[in-house]
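Student: Here it is, the structure in full.
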Amino acid sequence: MTGAIPKQDWMDVPAIFREGNFCYPAKKSIVEYHKFPNPREWSPDQDDWKLPEGWEDIILKGLKERLDKFRSLKLFMDICVRCGACADKCHFFLGTGDPKNMPVLRAELLRSVYRNDFTTAGKLLGKMAGGRPMTIGVLKEWFMYAYQCTECRRCSVFCPYGIDTAEVTMMLRELLHLVGVGTNWILEPAANSNRTGNHMGLQPHTFKDNIGYLCDDIETITGVKITPTFNRKGAEILFITPSADVFAEPGIYTAMGYLLLFEHLGLDYTWSTYASEGGNFGLFTSNEMMKKLNAKQYAEAKRLGVKWILGGECGHMWRVLHQYMDTMNGPADFLEVPKSPITNTVFDNAASTKMIHISEFTADLIKNNKLKIDPTRNAHRIPTWHDSCNTARGMGLMDEPRYILDNVVPKWYEMPENTIREKTFCCGSGTGLNTGEIMELRMRSGLPRANAVKHVEEKFGVNTLACVCAIDRATLSALMDYWNPNVKVCGLSELVGNSLIMDGEKERETDLRFEPLVGMEG
Amino acid sequence: MRVLYPFIAVLALIVVAFLGGKVTGLQYLLGVVLPYLAFGVFIVGFVNRVIQWAKSPVPFRIPTTCGQAKSLSWIKQDRLDCPHNKLEVAARMFLEIVLFRSLFRNTKAEIHDGPKLVYGSSKFLWLFALLFHYSFLVIVLRHLRLFTEPIPFFVPLIELADGILQIGAPRLYQTDMIFLAALAFLFLRRVMLRQIRYISLPADYFPLFLIFAIGVTGLLMRYYYRVDIAAVKMITAGLASFSPTLPEGIHPIFFIHVTLVCTLMIYFPFSKLMHMGGVFLSPTRNMSNNNRVVRHINPWNDPAIKPHSYAAYEDEFREFMKGADIPVEKE
Ligand code: SF4
Ligand code: SF4
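Residue numbers (the numbering used here), protein chains in the order written: chain S, 339 to 860; chain L, 13 to 343.
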């Protein structure tokens, strides 16, 4: 199914854009909103990209600046030996067969320009030393392959020098923004997050209403009435989750899980409409944007006077939190080191950022016997576990979710060893690639993940794919519909919520999706 | 072309050195001037490159976490693959540098009909890379005999172990054979595997040919031409003590060998061979994953970047918020 490797030198194979293989460019108004350069109407499949005068120099200057700012970039430009250990590790390469999706070659797209303009050998020997000048063809290639990388870091695990192509991709995207080349599906949500607080663009009352509907459903299913608070000053904990959880299936079931869990505990917490987005579209844009969006979470925690922040199930949110938050927007000295009010466990591993992951929180509760759980309520689910790239390879969160699964479902199964934990495969649509116009690409790049799921589906009858990431919940659903239609996607907290025995609940006949429980099929 | 040009380049070097080695005047250039020059370029270039890297900051803490992080007390941390402190990082780096741990993880993925992905273990690259680097190291250490007086104690030990099979006279060193075999593997891998061939540059073939030629000329000198070792030692010891001498009648193969080695040293700092220095500096491997515990400082962090303020947010949505009973700051 994968294409053959072209006969020509890779430098001579141009990137060809046709409807369906590129993300739509950012709308003029959105680029203007961000005050990014060169707002205009344009399309990648037209020859003329309407670049500004002297764009080559803008790019080279931008590259110089970034080489001086990031040791990772400089080093990764110099030390790759092209051993190819990373080549067949990328889901985009495995799914498309396009050799430029080998991580090493993706980086070479930038390296060739770097060599030509910034190294002695390249200046002297040019193409013989693997250098090439910055041309429009190169730029087009960059755009194509910077948006066929989900910055998942799988390649980095296998590289003998830890070269992280995700770092290179981030730089490519930043450079492209300098000349007004960006995608709408990233920049518009980033604009929404900035203005309304969340990428969906939900205004405060809508955000609250949506959670209200979820509470109504919970009452119908369990008989328990929940009334969460919003923007409440003096709450102990601020809870932040990706906004997709309060808006779209199957994330909303995860949100119902959070609501049930917090009610079960009687937790003193609040939602915020101002900081109503965990996911950070800045990670896919530029580090300045990332900082700006992330800063809201801190600002809101300060304004509300909470003690610490609890974060919901989200991949990129946690990558940003774990790797960047403290550096960009710390120190969070107005907060306290998170301490579970239920178990009194102090989360020293978040001593500085003061924010903990819902899986850490829940695992601790289960370990200390603070939850009344009936795992048989999930008997109709036979899950497997999808490690999200960001939580696995960006923070090392692997065993907490597994411990929770052990306790909230009767039985679950691991996918093959090469596809889990730090070797996990991306959903294929992270970093702002979960847009409809590139559906074929998404289904292809998600193939490695889908294949591993198929394996356990056939072997163990797995029918559920559980994860802790909102993008996963959205993109894996589409992926499963295509490759393994019998498998449904859910968040971990949905399974937790479904298994909780709430005080004063009625006899439950359905799960949170209104699907009948085993023995209650009627 | 990507293979041919580097091959021609190495051949040209050999021819030049061969011819030069026959002319007395040029012998001095190849046997004395060039080695000093090459050594100087190597040291200065290497150090300079490392300084250049070190000058760029590491703004963010970005370790690749290849195992469970330190979290709740009862969850077992993977201390080697997700180090939390400096000691654990040192252990991770040690295994990385000494045993090529990441490469050991290597797998092979192939798409079969179905479509179905099949994974296999693939440790050949790891094995041959390890063999190559270690035999290279042993060979370099063995050469110390030529440059030192007295000879460090470990050199004879290495020689003894290396020649333990006692084949031939002078005794055959196993590392010489392993070295050439590993090089041949690395080369064949590059030309035979279509993916690897596609990504390979002249800059990947050149050092392979060069090092191979160095190995072969070395072998020829030792086993075939039996170059006068006493004379060679006179030159090398002279170089090392900054009182170079050049005895008469040295076989031209010696000059070829020396020229190739010098070329390698000069080429080194400007090429991918700098991975030797870079591997120590890789931020994804040499940082501890205590991101949420200890604050990491970015020297160019811009404090002027502020979030869209709450006040502006409330101004825009105040009426809606009041209507939905969400608390506001200003009425
Ligand atoms: S594994 Fe690392 S060194 Fe090898 S080709 Fe890939 S990026 Fe380069
Ligand atoms: S970061 Fe992920 S998507 Fe990007 S090149 Fe590496 S493996 Fe491929």
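The C-beta atom is built at its ideal place from N, Cα and C for all residues, glycine as well.
This one's a predicted model, so the numbers in the text were calculated from it and none came from an experiment.
Going along the chain, which residues of its own chain have a beta-carbon closer than 6 Å to the beta-carbon of LYS342(L), five neighbours each way excluded?
Tutor: No residues qualify anywhere along the chain.
Student: Is GLY132(L) helix, strand or coil by DSSP?
Tutor: Residue state, collapsed to three classes: strand.
Student: Thinking ALA730(S) and VAL305(L) are a contact (beta carbons under 8 Å), I'd like their distance in whole angstroms, please.
Tutor: Between VAL305(L) and ALA730(S) the Cβ distance is about 19 Å, and since that is not below 8 Å, they are no contact.
Student: Which value, in whole angstroms, describes the spacing of the CA atoms of LYS710(S) and HIS602(S)?
Tutor: If you take the alpha carbons of LYS710(S) and HIS602(S), they lie about 9 Å apart.
Student: According to the neighbour-count rule (16 or more other Cβ atoms, all chains shown, within 10 Å of its Cβ), is GLU108(L) buried or exposed?
Tutor: Per the 10 Å Cβ criterion, buried.
Student: Hey, PHE360(S) and ILE776(S): beta-carbon distance below 8 Å or not?
Tutor: Result yes, Cβ atoms of PHE360(S) and ILE776(S) sit closer than 8 Å.
Student: Curious, which full-length alpha helix (DSSP H) runs of at least 4 residues does the stretch 293-325 of chain L contain?
Tutor: Listed in chain order, they are 295-298.
Student: Tell me, please, whether the CB atom of HIS543(S) is closer than 8 Å to any CB atom in chain L?
Tutor: Answer yes: the Cβ-Cβ gap between HIS543(S) and chain L drops below 8 Å somewhere.
Student: Which term fits PRO344(S), buried or exposed, when burial requires 16 or more other beta carbons within 10 angstroms of its beta carbon?
Tutor: PRO344(S) comes out exposed.
Student: Output, in chain order, the set of chain L residues within a Cβ distance shorter than 8 Å of CYS497(S).
Tutor: Ordered by position in chain L, the residues that pass the 8 Å Cβ test against CYS497(S) are SER114.
Student: Starting from TRP480(S), trace the alpha helix (DSSP H) in both directions and tell me its first and last residue.
Tutor: Its alpha helix (DSSP H) spans residues 474-484.
Student: Tell me where the alpha helix (DSSP H) around VAL746(S) begins and ends.
Tutor: Taken as a continuous stretch (DSSP letters only), the alpha helix (DSSP H) holding VAL746(S) covers 737-746.
Student: For SER624(S), collect the residues of the same chain with a Cβ closer than 7 Å to its Cβ; drop the 5 residues on either side in sequence, then sort them by chain order.
Tutor: Taken in chain order, the residues that qualify are GLU512 and HIS515.
Student: Measure from the alpha carbon of ASP174(L) to the alpha carbon of each residue in TYR146(L), PHE197(L), ARG201(L) and ILE208(L), then state which is nearest.
Tutor: Per the Cα distances, TYR146(L).
Student: Quick check on the burial criterion: 16 or more other C-beta atoms within 10 angstroms. Buried or exposed for SER410(S)?
Tutor: Flag for SER410(S) reads buried.
Student: Identify, in the order they occur along the chain, each residue of the same chain with its Cβ nearer than 6 Å to the Cβ of MET339(S), setting aside the five sequence neighbours on each side.
Tutor: Any answer about MET339(S) is weak, because its pLDDT of 42 lies below 50 and its placement is not dependable; what the coordinates show is given next. Once the five neighbours on either side are set aside, MET339(S) has no close Cβ partner at all.
Student: Which one of THR187(L), LEU25(L) and LYS135(L) has the shortest CA to CA distance from VAL152(L)?
Tutor: If we check each option's Cα against that of VAL152(L), THR187(L) comes out closest.
Student: So CYS493(S) is in the alpha helix (DSSP H); what residue range does that whole segment cover?
Tutor: Here the alpha helix (DSSP H) through CYS493(S) covers 492-496.
Student: Given a cut-off of 8 Å on the beta-carbon distance, is the pair TYR40(L) and LEU251(L) in contact?
Tutor: Their beta carbons are not under 8 Å apart, which means TYR40(L) does not touch LEU251(L) by this criterion.
Student: Do you know offhand how far ARG657(S)'s Cα is from ARG157(L)'s?
Tutor: Near 52 Å, if we compare the C-alpha coordinates of ARG157(L) and ARG657(S).
Student: Mapping the DSSP letters down to three states, classify MET858(S) as helix, strand or coil.
Tutor: Coil.
Student: Roughly how far, in whole angstroms, is the beta-carbon of THR488(S) from the beta-carbon of CYS805(S), given that I think they are within contact range, below 8 Å?
Tutor: Not really, about 15 Å apart at Cβ, beyond 8 Å.
Student: I'd like the list of long-range same chain contacts for ASN302(L), defined as Cβ closer than 6 Å, with 5 residues on each side in sequence excluded.
Tutor: Counting only Cβ-Cβ distances below 6 Å, and skipping sequence neighbours, we find HIS96.
Student: Under the DSSP definition of a beta bridge, which residues are partnered with ILE575(S)?
Tutor: TYR607(S) and TRP646(S).
Student: Between which residues of its own chain and CYS78(L) is the CB-CB distance below 7 Å, once the five residues before and five after are set aside?
Tutor: The answer, listed in chain order, is ASP93 and CYS94.
Student: Only counting the same chain, and skipping five residues up and downstream in sequence, which positions put a Cβ closer than 8 Å to that of VAL239(L)?
Tutor: Cβ within range, chain order: MET233, ILE262, HIS263, ILE265 and PHE266.
Student: Quick one: which residues of the stretch 96-124 of chain L get their C-beta closer than 8 Å to a C-beta of chain A? List them in chain order.
Tutor: In summary, chain A is missing from the structure at hand, where the protein chains are S and L.
Student: Taking 8 Å as the limit between beta carbons, can you name the residues of its chain near ASN716(S), skipping five residues before and five after?
Tutor: Cβ within range, chain order: VAL746, VAL747, PRO748, LEU833, ASN836, SER837 and ASP849.
Student: Beta-carbon of GLY290(L) versus every beta-carbon of chain S: anything under 8 Å?
Tutor: Yes - at least one Cβ of chain S is within 8 Å of the one on GLY290(L).
Student: Less than 8 Å between CB atoms is the rule here; does ASP350(S) satisfy it with respect to chain L?
Tutor: For ASP350(S), the answer is no, since every Cβ of chain L falls outside 8 Å of its Cβ.
Student: So, at 8 Å on beta carbons, what are the nonlocal neighbours of ASP383(S) in its own chain, with the 5 sequence-adjacent residues on each side left out?
Tutor: PHE355, ARG356, GLU357 and PHE360.
Student: Chain S partners of GLN80(L), CB-CB under 7 Å?
Tutor: Result: GLY734, MET736 and ASP737.
Student: Step through the CB atoms of chain L and report whether any lies within less than 8 Å of the CB of LEU316(S).
Tutor: No answer is possible for residue 316(S): the residues shown for chain S start at 339 and end at 860.
Student: Since GLY500(S) and ARG297(L) are thought to touch, with beta carbons under 8 Å apart, how far apart are those beta carbons, to the nearest angstrom?
Tutor: Yes, they are in contact, since the Cβ atoms of GLY500(S) and ARG297(L) sit about 4 Å apart, within 8 Å.
Student: Could you tell me the boundaries of the alpha helix (DSSP H) in which CYS553(S) lies?
Tutor: 542-560 is the span of the alpha helix (DSSP H), which, as asked, contains CYS553(S).
Student: So, under 8 Å CB-CB, LEU814(S) and VAL827(S) are touching, yes? Tell me the CB distance rounded to an integer number of Å.
Tutor: Contact flag correct, Cβ pair sits at about 5 Å.
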